[in-house]
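Trainee: The structure follows.
2 protein chains.
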Amino acid sequence: MSTIKEVCQLAGVSTATVSRTLKNPNMVNVKTRERIFAAIEKAGYRPNVMASSVKTGKSNSLVVLVPNLSNPFFLRIIQGIEKAAQENGYSVLLGDTQGEPHREHEYAGMVLSNRADGLIHLDHSFPFSDNDALLAEKVPMVSVCERIVSDKQYPVIELDNYSACRALAKHLTSYGHKRFGIIAGQNESQIFRDRLGGIKSVLNEEGIDFDDSMVVGNEYSYESGSAGAKALLAGKVRPTAIFCFNDDIAIGAIHEIKKHGLKVPDDISVVGFDNIKVSAYMDPPLTTIDQPAYEMGRKAVEVVLQQIRKKPLTRNREIVQFRIIERASSGAVSS
Amino acid sequence: MSTIKEVCQLAGVSTATVSRTLKNPNMVNVKTRERIFAAIEKAGYRPNVMASSVKTGKSNSLVVLVPNLSNPFFLRIIQGIEKAAQENGYSVLLGDTQGEPHREHEYAGMVLSNRADGLIHLDHSFPFSDNDALLAEKVPMVSVCERIVSDKQYPVIELDNYSACRALAKHLTSYGHKRFGIIAGQNESQIFRDRLGGIKSVLNEEGIDFDDSMVVGNEYSYESGSAGAKALLAGKVRPTAIFCFNDDIAIGAIHEIKKHGLKVPDDISVVGFDNIKVSAYMDPPLTTIDQPAYEMGRKAVEVVLQQIRKKPLTRNREIVQFRIIERASSGAVSS
DNA sequence: CTGTTAGCGCGTTCAT
DNA sequence: ATGAACGCGCTAACAG
């Protein structure tokens, strides 16, 4: 509430000196510096960041767009983002898009209106509108988890979903499974295509038939997992193993399978994806793919900041390492 | 990137008129208004919010301070906050304090430096430092879930934790339980005192002894739930029912209890708190207290905005309704 | 090392 | 109904 001028008065210096004291303390005489700090203290002065932003053109904040705040996996990413941002003097603006394009549009606009300097997308599931595509040309941004397929290549931090699903599929075929079901979260995204492709490639190698009617689900949620399992159990051929495209889905699926009086993994093996924390506490604990969510968040910040600072991007696509976590929700197929 | 001046040029008007067109469209002639909108479109003009903030002194954003982003309950609150904020033209700055006072301090400073207009605390667990107490005098703020006991009374949105725990305790005593354990999340907070008080009041009425050595745990986490259960099971008298002060703790506790070869609820009943979504999908599903997290978030925004807008607060303490959710993790004591 | 000056982009009186 | 002019609080030249 007190301004830089009051500090000037108290210290008997000009605004420039006060400003310098705050930004490059070593550019100013120790003696006066002390005096200024004292004055700042006394006045209870806090620089008005808005005012400085007008000058510098930097807001020192980043928007993060997330389609679904209830997903613990995204949250872990956000923790990484928040931490890295804070370490770099940036604050993070939360944009819960709920998957609605118009909310996404609004939040993206924050960068244009100077409220934020950059944009981090989590799992962007729909293509940009023409308007936004133009926007994306000049706005520092990065996408986490989902590469956006379009003319311009946005930088992206992601997993090798194809390989991860191959690992999962090999794990299951090695247990003797031959009849599979899949509960997906979206069926339009690149993630979906990569993962499905990975699974199919293994089944192909093993000479196992797979019918696309065994792919169900269109939302990353417990409910969708539950509904998906129900649908799969109602089919003519019951799968002995189900791929769930995230852990929430797997949790819902297992819940449903148990309701049908079946046992996991004895009757049906279930595998998830993401390795959210609770998956280790489920009964049975979930076999899943670990994604280094926290690190992905940190990397995302690194990449946007690089763009903001006009440093050349070393690479446009960063692949992070997955680990397959074998727990008790998957096992040998019962004979 | 284009400024208001370019719009002026294109439309052949002054900056004042453009500014007015954006804020009070009806103050300006329909004809010129159209021309200006066209110019805005053409120039791709977006007002610089920083610049306007300098003038108005309002940033149109709120900071939310959260001690632990991994807690789904907090997330649900944040969803409510985000939505309400957005509806009111505010954006939300995320402050993950990790329970560290200095990070809290930093984020609180955002209000002083005009980066935010108000502050929402989630489950503030430590008292303000003297510096911050002074701060709190003049900053619009509200606390959710935890009332801060200090000289000044901050507005707070909270549950009647005392009554909620009475309901839980009555539920369990009605099942015949007499030996209880408690796994708490903190033991210094007002929440802790309220909840413990509620439980004890019921036990007292029922003539049941309760030893404080049966209170364990100091963190709202799976691990702490697991460790707490372990400790309780190792005691001389094994409890037949355990109160967990949130659902994460309960999940950890049940996991541990099962590892010991015991059954929930046959051997031990477990109740949680918060009713996070996954609790319905656990095996067994959790008996718990539902807190209307989303609504709490919305109310919090209402309250801060009221302060920001200098409207008198109707009341300083808002109590929201809880519901006891009886599921399968609690049952009759085995004889 | 420090002060003077000139804006940053916008909102807001005053006039007209 | 519109324009000219000033200033919000601060930073960044440029002098000295």
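Residue numbers (numbering that gives the first Met the number 0), protein chains in the order written: chain Y, 0 to 334; chain E, 0 to 334.
All C-beta atoms in this analysis are idealised placements derived from N, C-alpha and C, irrespective of residue type, glycine included.
Leaving out five residues before and five after V332 (chain Y) in sequence, what residues of the same chain have Cβ atoms less than 8 angstroms from its Cβ?
Mentor: Correct list, in chain order: Y174, G175, H176, K177, T239, A240 and S268.
Trainee: Round the Cβ separation of V319 (chain E) and E294 (chain E) to the nearest angstrom and send it over; I've been treating them as touching at under 8 angstroms.
Mentor: So it is a contact: roughly 6 angstroms between Cβ atoms.
Trainee: Strictly below 8 angstroms CB to CB, what residues from chain Y border G251 (chain E)?
Mentor: Neighbours of G251 (chain E) on chain Y, chain order: Y280.
Trainee: According to the neighbour-count rule (16 or more other Cβ atoms, all chains shown, within 10 Å of its Cβ), is P291 (chain E) buried or exposed?
Mentor: So P291 (chain E) ends up on the buried side.
Trainee: Closer than 8 angstroms is the cut-off here; do at least three beta carbon pairs connect the region 65-78 of chain E with the region 18-32 of chain E?
Mentor: These segments do not touch.
Trainee: Which value, in whole angstroms, describes the spacing of the CA atoms of A115 (chain E) and E105 (chain Y)?
Mentor: C-alpha separation (whole angstroms): 19 angstroms.
Trainee: Take the Cβ of D193 (chain Y) as the centre, count every other Cβ of all protein chains shown within 10 Å, and call the residue buried at 16 or more, exposed below.
Mentor: Result: buried.
Trainee: How many Å lie between V43 (chain Y) and E157 (chain Y) at the Cα?
Mentor: Reading off the sequence shown, one finds Gly at residue 43 (chain Y), where the question assumed Val. One C-alpha to the other measures close to 45 angstroms.
Trainee: Measure the alpha-carbon distance for P66 (chain Y) versus I119 (chain Y) and round it to whole angstroms.
Mentor: Those two C-alpha atoms are separated by around 12 angstroms.
Trainee: On the DSSP letters alone, give me the boundaries of the beta strand (DSSP E) that L158 (chain Y) sits inside.
Mentor: Note, L158 (chain Y): beta strand (DSSP E), V155 to L158.
Trainee: Using a beta-carbon distance below 9 angstroms, is Y221 (chain Y) in contact with chain E?
Mentor: With 9 angstroms as the cut-off, Y221 (chain Y) counts as an interface residue toward chain E.
Trainee: What first and last residue would you give for the beta strand (DSSP E) that runs through D282 (chain Y)?
Mentor: No beta strand (DSSP E) holds D282 (chain Y); DSSP gives it neither H nor E.
Trainee: Could you name the residues of chain Y that H254 (chain E) contacts, counting a contact when the two beta carbons are closer than 8 angstroms?
Mentor: Neighbours of H254 (chain E) on chain Y, chain order: Y280 and D282.
Trainee: Could you check what DSSP says for G88 (chain E) in three-state terms: helix, strand or coil?
Mentor: G88 (chain E): coil per DSSP, three-state reduction.
Trainee: List, in order along the chain, the chain E residues whose C-beta lies closer than 7 angstroms to that of A50 (chain Y)?
Mentor: Per Cβ cutoff of 7 angstroms: V53.
Trainee: Please state the DSSP three-state secondary structure of A107 (chain E).
Mentor: It is helical.
Trainee: The beta strand (DSSP E) that contains R45 (chain E), what's its start and end?
Mentor: Careful: R45 (chain E) lies outside any beta strand (DSSP E) and carries neither H nor E.
Trainee: If contacts are defined as beta-carbon pairs under 8 angstroms, then I198 (chain E) and C164 (chain E) qualify, I think. What distance do you get, rounded to the angstrom?
Mentor: The pair is a contact, with the Cβ atoms about 5 angstroms apart (cut-off 8 angstroms).
Trainee: Note down the Cα distance separating I307 (chain E) from R297 (chain E), rounded to an integer number of angstroms.
Mentor: Rounded to the nearest angstrom, the two C-alpha atoms are 15 angstroms apart.
Trainee: Using a Cβ-Cβ cut-off of less than 8 angstroms, list which residues of the region 73-86 of chain E approach chain Y; keep chain order.
Mentor: The residues in question are L74, R75, I77, Q78, E81, K82 and Q85.
Trainee: If you draw a straight line from the C-alpha of S52 (chain Y) to the C-alpha of N113 (chain E), how long is it?
Mentor: Each residue's alpha carbon lies about 11 angstroms from the other.
Trainee: Between the alpha carbons of L312 (chain Y) and D266 (chain E), how many angstroms are there, rounded?
Mentor: Distance between the alpha carbons of L312 (chain Y) and D266 (chain E) is about 59 angstroms.
Trainee: So the candidates are E:V138, E:E103, E:K137 and E:S142; which of them puts its Cα closest to the Cα of D122 (chain E)?
Mentor: Nearest of E:V138, E:E103, E:K137 and E:S142 to D122 (chain E), Cα basis: E:S142.
Trainee: Is any beta-carbon of chain E found at less than 9 angstroms from that of G94 (chain Y)?
Mentor: Closer than 9 angstroms to some Cβ of chain E, the Cβ of G94 (chain Y) qualifies, so yes.
Trainee: What residue does the alpha helix (DSSP H) around V300 (chain E) start on, and which one ends it?
Mentor: V300 (chain E) -> alpha helix (DSSP H) spans A292 to I307.
Trainee: Where does H101 (chain E) fall in DSSP's three states?
Mentor: It is helical.
Trainee: At a Cβ threshold of 9 angstroms, is E105 (chain E) touching chain Y?
Mentor: Yes - at least one Cβ of chain Y is within 9 angstroms of the one on E105 (chain E).
Trainee: Measuring only between beta-carbons, confirm whether L68 (chain Y) sits less than 9 angstroms from chain E.
Mentor: Yes, L68 (chain Y) lies at the interface with chain E (some Cβ there is under 9 angstroms from its Cβ).
Trainee: By the criterion of Cβ-Cβ separation under 8 angstroms, what are the contact partners of P139 (chain E) in chain Y?
Mentor: What P139 (chain E) touches in chain Y: nothing, since even the nearest Cβ is about 13 angstroms away.
Trainee: Closest to V300 (chain Y) by C-alpha separation, out of Y:V63, Y:K41 and Y:A228, would be which residue?
Mentor: Nearest C-alpha to V300 (chain Y): Y:V63.
Trainee: Span of the alpha helix (DSSP H) holding H120 (chain Y)?
Mentor: Premise fails: H120 (chain Y) lies in the beta strand (DSSP E), G117 to L121, not in any alpha helix (DSSP H).
Trainee: Taking A230 (chain Y) as part of the alpha helix (DSSP H), name the residues at either end of that continuous run.
Mentor: First-last of the alpha helix (DSSP H) with A230 (chain Y): Y221 to A233.
Trainee: Does the CB of G98 (chain E) have a neighbour CB from chain Y at under 9 angstroms?
Mentor: No, no contact with chain Y.
Trainee: Short of 8 angstroms Cβ to Cβ, which residues in the region 8-20 of chain E face chain Y?
Mentor: Listed in sequence order: no entries.
Trainee: Cα separation between V214 (chain E) and N186 (chain E)?
Mentor: Going by the C-alpha atoms only, they are around 9 angstroms apart.
Trainee: Does the distance from the CB of G94 (chain E) to the CB of E103 (chain E) come in under 9 angstroms?
Mentor: Cβ atoms of G94 (chain E) and E103 (chain E): closer than 9 angstroms.
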